[in-house]
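Chemist: From first to last, the protein sequence lines are chains A and B. For the first sequence, the working numbering assigns the number 202 to the initial residue and increments by one for each residue that follows. For the second sequence, the working numbering assigns the number 2 to the initial residue and increments by one for each residue that follows.
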Amino acid sequence: MSGALDEEDARALAGREVALIDLLDRLLQGGVVLAGDLVLSIADVDLVRIDLRAVIAPVDAGHPAPPLP
Amino acid sequence: MTESAQRQHMVYAYAVLRPTAEAARAVATLRGVADEQVGLVETGDLAAAVGPVPAQEFEEGALRAGLEELPRLEALARGHHGVVAGLAPLGAVLPLRLATVYRDEDRVRRVLQERRDQFLPLLERLAGHVEWGVKVYTDPTGFSTADAAATADAAGGEEALSPGRAYLAARRRRRRGAEEAWHTAARTAARIAEEAGGLAVGRVAHRPQRGELAQMAGGGTVDGTKHGGGPADAGNPGGGTAGRGKPGGEAAGGSSVVPGGETAGAGKPGGENIANDAYLVPADRAEEFRSRVLAAAEGRPGVRVEVTGPWAPYSFALPPEPAARREPV
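1. If I measure Cβ to Cβ from R204 of chain B and keep anything under 8 Å in the same chain, skipping five residues before and after, which residues do I get?
2. Buried or exposed: where does A313 of chain B fall if 16 or more other Cβ atoms within 10 Å of its Cβ makes it buried?
3. Identify the continuous alpha helix (DSSP H) that holds T30 of chain B and give its terminal residues.
4. Roughly how many whole angstroms lie between the Cα atoms of G92 of chain B and A128 of chain B?
5. Taking V282 of chain B as part of the alpha helix (DSSP H), name the residues at either end of that continuous run.
6. Can you round the beta-carbon distance between E132 of chain B and G310 of chain B to whole angstroms, since I take them to be within the 8 Å contact cut?
7. Nearest CA to the CA of F59 of chain B: which residue from B:M11, B:G87, B:P90, B:H81?
8. With distance defined between alpha-carbon atoms, name the residue in B:Y13, B:Y15, B:G40, B:A14 nearest to A25 of chain B.
9. In its own chain, which residues sit with a C-beta less than 6 Å from the C-beta of A89 of chain B, not counting the 5 before and 5 after it?
10. Under 7 Å Cβ to Cβ from A86 of chain B, same chain only, skipping five residues before and after it: list those, please.
11. Put V45 of chain B into one of helix, strand or coil per three-state DSSP.
12. Grab me the residues of Y103 of chain B's own chain with a C-beta within less than 7 Å of its C-beta, minus the 5 sequence neighbours each way, in chain order.
13. What does P96 of chain B reach in chain A if we use C-beta pairs closer than 9 Å?
14. Give me the chain A residues within the contact set of T309 of chain B, using Cβ-Cβ distance strictly less than 8 Å, ordered along the chain.
15. Using a Cβ-Cβ distance under 8 Å, would T101 of chain B count as near chain A?
16. Taking one C-beta from the stretch 180 to 191 of chain B and one from the stretch 285 to 304 of chain B each time, how about it: are there three or more such pairs within less than 8 Å?
17. Contact defined as beta carbons within less than 8 Å: I believe V34 of chain B pairs with L95 of chain B. What is the distance between those atoms, to the nearest angstrom?
18. With a threshold of 8 Å between beta carbons, is H82 of chain B in contact with chain A?
19. Taking Cβ to Cβ, would you say R19 of chain B is nearer than 8 Å to A48 of chain B?
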């Protein structure tokens, strides 16, 4: 990719229209969890699991499973 | 940053990547969760894409409160994803989990240094790969046809039954139909997993999607096989929560497009999500992956398959944890 991306392209790449639930599967269960001087990571946000459970059932601390070998 | 600027702003971190000139140019075009200009924090051979965000919105209490409101959560998720997706074409990016916030850039640098031995191999592994999502649903529309045929076959033998017995027989049949639909879908899901696994280098099973958001997500119609519409009251083979919510709502209507997603199978939304997997696929096999997965579902009534992506490798940004649970297929 060249550096010639303008803001429009970047927004288009951002795929704003992906389904929210697919996005939350990845953002709440995937992604690197950092620790240390972290102020807050969603891994600690138990309230989200409780209050949004009806809407976002997949939020679950036990996931994701490891990749297959 | 001055002391007072530090108090007004915190640092939202999006992703870990290599500090290349390309990366610097890419972040320069990106704005983040607070519409802030994204930049790089670098330390040696690693960098993090970060942005300054207002402390009053992103300190712990405000963030916790905000994340409980769906519109706020959605805005945050889409803002985060916008940055990660903007960096994904660079080839190797480790997305961070949503809402990773630090007090200042020095702390981000320190974490990069501390975790360098983990990040470098992960970046290496993910370079040149994309993530695809593959979701398999039971398809009530497809099975209503088979159900109708079964009803017709059985009808002759039931003329002798009393209305009550006939009702019970019909109900049993419907229940068997639902079970059969589920098992058929599960078999197809296994076949798809096999096909997909042959092209992928990694697989992560997410929990099947349920609830209101799942209702909004499923839908769209692409080159699916055609099935005659069966009786409208054939029932939802899934029978679970996925069947409730917004039956045939506009959001899931057959004419809607699934952005970034393609479906195969009968073209109607609905049904129960029975598999929700993510696959890590070499970028040069990405299109082959999508077409072969969709082809594996062609001509199979009772099943609908949706492929989403390509995604940045969110689901593979964690080191393998043997203790984690895996969903049965």
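Glycine included, C-beta positions come from ideal geometry on N, C-alpha and C. Bear in mind the structure is a predicted one, so any value in this text is a computation, not a measurement.
Modeler: In short:
1. Within the same chain, R204 of chain B has close Cβ partners A194, A197, G198, D278, A279, Y280, L281.
2. So A313 of chain B counts as buried.
3. First-last for T30 of chain B: undefined, no H or E at that position.
4. A direct Cα-to-Cα measurement between G92 of chain B and A128 of chain B gives close to 5 Å.
5. Looking at the DSSP string, V282 of chain B is not in any alpha helix (DSSP H); the run it does join, the beta strand (DSSP E), is 274 to 283.
6. With 8 Å as the limit, E132 of chain B and G310 of chain B qualify as a contact, their Cβ atoms being about 6 Å apart.
7. Among B:M11, B:G87, B:P90, B:H81, the Cα nearest to that of F59 of chain B belongs to B:M11.
8. Among B:Y13, B:Y15, B:G40, B:A14, the Cα nearest to that of A25 of chain B is on B:G40.
9. Excluding sequence neighbours, A89 of chain B sits near A313.
10. So the list reads A313, once near-sequence residues are dropped.
11. The amino acid at residue 45 of chain B is misidentified as Val; the sequence shows Gly. In the structure shown, G45 of chain B adopts coil according to DSSP, grouped into three states.
12. Result list for Y103 of chain B: M11, V12, A14, V109, in chain order.
13. Here the neighbours are R227, L228, G231, G232, V233.
14. Result: V219, A220, D223.
15. Under the Cβ distance rule, T101 of chain B counts among the residues neighbouring chain A, one pair being separated by less than 8 Å.
16. The answer is yes - the stretch 285 to 304 of chain B touches the stretch 180 to 191 of chain B, with three or more Cβ pairs under 8 Å.
17. Their Cβ separation, rounded to whole angstroms, is 18 Å, which puts V34 of chain B and L95 of chain B out of contact at 8 Å.
18. H82 of chain B counts as touching chain A.
19. It is a contact, given that the beta carbons lie within the stated cut-off.
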